[in-house]
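Read top to bottom, the protein sequences are chains A and B.
If you want the numbering used here, it's the position in the first sequence, counting the first as 1, plus 41.
If you want the numbering used here, it's the position in the second sequence, counting the first as 1, plus 73.
Following: one structure in structure tokens, then a few remarks.
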Amino acid sequence: MKRDALGEALRGLPVPMPADAEERGLRVVDAAFVQRRGSERAGPESRVPSLPRLALGLALATLLATLLLSPAGADVRAWVGDAFTASAPRPEPTLTKIPGGGRLLAQTGVGPLVVQPDGSRHLLGDYEAASWSPHGLFVAVAKRQTLSALEPDGTPRWSVTAAQRVAVPRWSPSGEQIAYRSGFDLRVIAGDGTEDRLLAGSIAAHTPPDARISPAFVPPAWAPGGEDALAYVTGPGRLRILESETGAVLAAAPAMHGITWMDWADGGKKILEGSPEALRLRPVWPAGHPSRPALGKARRLPLPAGATVVDAALAPQRSLVAASITYWRKHGTYSEVLVFRPGQDPRTLLSVPGSLGQVEWSPDGKRLLIAWPGANQWLFLPLGQGKGRAIANISRAISPDGRPHSFPLIEGWCCRP
Amino acid sequence: MRTESGADERRLVREAQNGSDAAMAQLYSLHWRGAYRAAYLVVHDAAAAEDIAQDGFLAAVDALDHFDRRRPFRPWLHRIVVNRALDWARREALRRRVDGAESVFEPLPPPEEIGGEMIAALKELPAEQRAVVVLRHLLEYTPGEIAGMLDLPRGTVNSRLRRGLDRLREAAEAELTVEARR
């Protein structure tokens, strides 16, 4: 092999490049450069670059990069558009309207509350966990050993008392069943509060020894298309799909290492598994019979090296995954929200210094609510064109009594059309 | 692949040292893709290559004040990038050896247009040989320069190059034989 031929081959090789990689790197390098310059100056004001200056620098850098590397004017427009989409909007003092509509369920320091489309709030009570029913007609709430169903105005419909502490109630897509954890047991109850039964647990006489619910407390997930299939993770880390009426194991496979979260994707054709280290998408095949699925090998979604996954969410009725990640650089922690589309590289929707928190899709799957605890903000960002909105002082804005409490946990954005 | 003259590059470094956003952005634009490509050809992982290239530039920003303007910027950046890529490849090889639990999972396959016998054969080389092949043939450094960049004796660079090229040649000839039989 001739040396020149090898050099030509290496230079001509179309190496895969993650979407926005160059621009993403430019933002980080630009921020580090601005920070370096600021630290050289004496005045405290100059250490913190102002937003317009950063934006100007970023736009200039992006434009230069584009002119040097891309011949197409359309690329210039797209790059600049992406750069501005990727920055956080200016925060507003109060939430007067939920962008995109719908109702939010948020867990605050004094209990879950419902945020109405006009921004008004209603505290449901002193509960520890809450979950919307599929159409938002009810909310399942848990407090110590009690599981209850409430109307969204807080009116109680029914309650049951379990043997152990209740957690992670999850309504089935039809609303006819609720799966929940009681201690290490996985239980199912009818939507009207009857027919409470054990599905899998450490104390069940006929369940295998590895059927204990994972100590990581991975919430169970109902298959979107069928009433009966429920996925959960056992104590030794096996992912199982159960038939909820009988408890029969329909499929099983080793769950990803360190799994903390999972959900069904792509209309029930895949399961997304998440841990702080990785996100993996696993195909669910119909094996011979529709009611007997088989779990395929999980494939890793590409993430920046060294990134920690904070949260991930699947878009309703769409094959999109949003993930909130953080990573450490010499100059501090950075966070991004990535959106994965099938067969495409992830797109960076937002990139900020510091740590982001939860991500939640709007009911129509067209925008994301992103928690930013470090800035005490909620960000509502559209997936495509449109203006994003940021709400400041969220620990006070979402508080039921107008006083600041701990930063709220997003429990759901209701409801799918 | 040297698209900027030494004088222009020195000017950009000087202006960046004086705080010019545009100069820093231009240095980035001129060298990011080369750094990414070099990193990718050593690690064969797009996410890692992105991180390594980015890290190289962050190191450049960090050390900008102490950078000797008389020296060229490009080899200094490539030295950081290729050394970090080598570190990553070694760590990854170690992780694969000890992390048996992950063996049930498969990494994402590369896109179909990425491939060819050349890249497949390159991927089969040990990371140390890949690094010197990339430095010599993609980035066009001399064995002496490579020895300085990787802190290796020149003889070691030459032997790694020779072994790497021998294996690439074998792969290419095997491919030609298969093609001829079809």
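Ideal Cβ placement from N, Cα and C applies to all residues, glycine included.
Quick caveat, the model's predicted, so the values are computed rather than measured.
Pick from the options that is closest to residue i, judged by C-alpha positions
i, options, result
"proline 260(A)", "Ser440(A), Gly232(A), Tyr168(A), Asp226(A)", "Asp226(A)"
"glycine 237(B)", "Tyr109(B), Ala96(B), Gln202(B)", "Gln202(B)"
"glycine 216(A)", "Ala364(A), Gly266(A), Gln426(A)", "Gly266(A)"
"tryptophan 302(A)", "Pro423(A), Asp233(A), Ala353(A)", "Ala353(A)"
"valine 155(B)", "His117(B), Leu100(B), Arg143(B)", "His117(B)"
"tryptophan 454(A)", "Leu146(A), Pro55(A), Pro130(A)", "Leu146(A)"
"tryptophan 263(A)", "Ala203(A), Trp212(A), Ala183(A)", "Trp212(A)"
"valine 378(A)", "Val351(A), Leu188(A), Pro441(A), Glu318(A)", "Val351(A)"
"alanine 181(A)", "Gly406(A), Thr135(A), Val229(A)", "Val229(A)"
"alanine 108(B)", "Arg152(B), Glu165(B), Arg227(B)", "Arg152(B)"
"valine 115(B)", "Glu213(B), Leu150(B), Val206(B), Trp105(B)", "Val206(B)"
"glutamine 399(A)", "Ile451(A), Tyr221(A), Leu355(A)", "Ile451(A)"
"tryptophan 49(A)", "His139(B), Ala132(B), Ile192(B)", "According to the sequence displayed, residue 49(A) carries glutamate and not tryptophan. Considering only alpha carbons, the answer is Ile192(B)."
"serine 200(A)", "Ser189(A), Arg206(A), Pro210(A), Gly232(A)", "Ser189(A)"
"arginine 147(B)", "Asp94(B), Glu218(B), Glu165(B), Asp160(B)", "Glu218(B)"
Coarse secondary structure for residue i, derived from DSSP in three states
i, result
"methionine 97(B)", "helix"
"arginine 94(A)", "The predicted model places arginine 94(A) with a pLDDT of 33, which falls under 50 and marks its position as unreliable; any figure quoted below should be read in that light. Of the three classes helix, strand and coil, the one that applies to arginine 94(A) here is helix, per DSSP."
"histidine 104(B)", "helix"
"phenylalanine 381(A)", "strand"
"tyrosine 168(A)", "coil"
"phenylalanine 421(A)", "strand"
"threonine 229(B)", "helix"
"isoleucine 439(A)", "coil"
"isoleucine 312(A)", "strand"
"proline 237(A)", "The question names proline, but residue 237(A) is aspartate in the sequence shown. If DSSP states are grouped into helix, strand and coil, aspartate 237(A) belongs with coil."
"valine 70(A)", "helix"
"arginine 236(B)", "helix"
"isoleucine 366(A)", "strand"
"leucine 150(B)", "helix"
"alanine 203(A)", "coil"
"leucine 159(B)", "helix"
"glutamate 318(A)", "coil"
"valine 177(B)", "Note that valine 177(B) has pLDDT 28, beneath the 50 cutoff, so the model's placement of it is unreliable and no number is given."
"glycine 142(A)", "coil"
"arginine 65(A)", "helix"
Closer than 8 angstroms at the beta carbon, the chain A residues around residue i
i, result
"methionine 97(B)", "Val70, Asp71, Phe74, Ala102"
"glutamate 213(B)", "Gly48"
Chain A contact residues for residue i, given Cβ-Cβ distances below 9 angstroms
i, result
"isoleucine 192(B)", "Ala50, Leu51, Leu54, Val56"
Where the beta strand (DSSP E) through residue i begins and ends
i, result
"alanine 354(A)", "349 to 355"
"glutamate 162(A)", "The sequence shown places arginine at residue 162(A), rather than the glutamate named in the question. Counting along the chain, the beta strand (DSSP E) containing arginine 162(A) begins and ends at 162 to 164."
"isoleucine 451(A)", "450 to 455"
"valine 56(A)", "Valine 56(A) -> no beta strand (DSSP E), and no H or E assigned at all."
"aspartate 226(A)", "226 to 231"
"glutamate 217(A)", "Glutamate 217(A) -> no beta strand (DSSP E), and no H or E assigned at all."
"glutamine 157(A)", "Element bounds for glutamine 157(A): n/a, residue is neither H nor E."
"aspartate 304(A)", "302 to 306"
"serine 189(A)", "187 to 191"
"valine 470(A)", "Because chain A spans 42 through 458 in this model, residue 470(A) falls outside it and cannot be assessed."
"lysine 338(A)", "Element bounds for lysine 338(A): n/a, residue is neither H nor E."
"alanine 272(A)", "270 to 274"
"glutamate 401(A)", "400 to 402"
"lysine 184(A)", "180 to 184"
"serine 174(A)", "Serine 174(A) -> no beta strand (DSSP E), and no H or E assigned at all."
Contact set between residue i and chain A, taken where Cβ atoms lie within less than 7 angstroms
i, result
"alanine 119(B)", "Pro57, Met58, Pro59, Pro343"
"tyrosine 113(B)", "Val56"
Cross-chain neighbours of residue i in chain B, by beta carbon under 8 angstroms
i, result
"glycine 347(A)", "Asp124"
"glycine 66(A)", "Tyr101, Trp105, Glu123, Ala126, Gln127, Phe130"
"glutamate 63(A)", "Trp105, Arg106, Tyr109"
Residue interval of the alpha helix (DSSP H) (run including residue i)
i, result
"methionine 222(B)", "216 to 223"
"alanine 133(B)", "119 to 135"
"alanine 80(B)", "79 to 90"
"glutamate 284(A)", "First-last for glutamate 284(A): 279 to 284, but that is the beta strand (DSSP E), not the alpha helix (DSSP H)."
"glutamate 201(B)", "200 to 206"
Within chain B, the residues that residue i reaches when beta carbons sit closer than 9 angstroms
i, result
"glutamate 318(A)", "The contacting residues do not exist; glutamate 318(A) stays about 10 angstroms from chain B at best."
Any non-hydrogen atom of the ligand GTP closer than 7 angstroms to residue i Cβ
i, result
"glycine 234(A)", "The model on display carries no ligand, and the ligand GTP is accordingly not part of it."
Positions along the region 78 to 108 of chain B whose CB lies within less than 9 angstroms of some CB in chain A: Ala89, Gly92, Asp94, Ala95, Met97, Ala98, Gln99, Tyr101, Ser102, Leu103, Trp105, Arg106
Contacting positions in the region 366 to 399 of chain A - beta carbon closer than 9 angstroms to chain B: Tyr368, Arg370, Lys371, His372, Asp386
Contact list for the region 198 to 211 of chain B against chain A, Cβ threshold 9 angstroms: Val206, Val207, Arg209, His210, Leu211
Residues, ordered as in the chain, of the region 133 to 166 of chain B that lie near chain A by beta-carbon distance below 9 angstroms: Ala133, Val134, Asp135, Leu137, Asp138, Trp161
Near-chain A residues of the region 222 to 242 of chain B - C-beta to any C-beta below 8 angstroms: Leu238, Leu241, Arg242
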